[in-house]
Amino acid sequence: MIAEELMRLPLVPLPILALRLIGAVVLCGLIGVEREAQRQAAGLRTHILVGLAACLYALITTEIVAGAEGELTRVDPLRIVEAVTGGVAFLAAGMIVFHNGQVRGLTTGAGMWLAAAVGLCTGLGLWVMAVAATALSLVVMALLPSRHGRAGTGGGDGRLGLHQPQREKDDAG
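First residue of the sequence shown: 2, per the working numbering; consecutive thereafter.
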């Protein structure tokens with residue numbers, strides 16, 4: 002009885018299962034490398050774990066849907082996308098900090114959200130979408146300039162400044 006439980010194989014063939022999990026690690030790792038290079042709090046490991054978890058949730062959903070075929074149970078596979086999106090949005094929001102008129106962490110939060118989407122794609126076997134999104138994100142990060150050194154962007158330190166208009170000093174005072 003215990004041996005049967007431990008040896009129960011998923012409906013997705015093991016080589017495909019491994020490929021999808023490894024694919025999520027590799028693709029989401031590529032997204033996380035840039036954040037790691039920028040010394041952000043959420044870097045390589047965080048992006049890999051977010052993508053791997055999303056991939057695993059997609060695989061779990063695949064198993065649930067396949068196992069429920071022919072039963073009277075209603076299964077809505079879109080709920081997994083909603084759940085992953087909501088969970089990762091919560092994590093990503095925690096990366097965004099507003100302090101002294103500066104917003105930090107937006108790109109890192111967006112990268113985590115993207116890693117979740119890429120993980121879902123790999124888990125569902127949507128390789129073209131996963132690879133294309135990863136490649137496009139790497140192009141965006143490499144080619145589009147950061148906000149460093151631009152006037153009105155937070156003083157050249159890469160932070161987006163949300164500046165309040167300065168009050169004019171009264172000449173009398």
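Glycine included, every Cβ here is placed at the ideal spot set by N, Cα and C.
In the three-state reduction of the DSSP assignment, Arg105 falls in the strand class, which pools E and B. Per the coordinates, the alpha-carbon of Val51 lies some 31 Å from the alpha-carbon of Ala4. Per DSSP, the unbroken alpha helix (DSSP H) holding Val51 starts and ends at 45 to 68.
The three-state secondary structure of Val13, taken from DSSP, is coil.
Per DSSP, the continuous alpha helix (DSSP H) segment holding Val140 begins and ends at 128 to 144.
Look at Val76 here: in three-state DSSP terms it is coil, with no helix or strand label. The C-alpha of Arg105 lies about 29 Å from the C-alpha of Met130. Gln103 and Ile97 have their alpha carbons spaced roughly 10 Å apart.
Following the DSSP letters along the chain, one finds Leu7 inside the alpha helix (DSSP H) bounded by residues 3 to 8. In terms of Cβ geometry, Leu121 and Ala69 do not form a close pair [threshold 8 Å].
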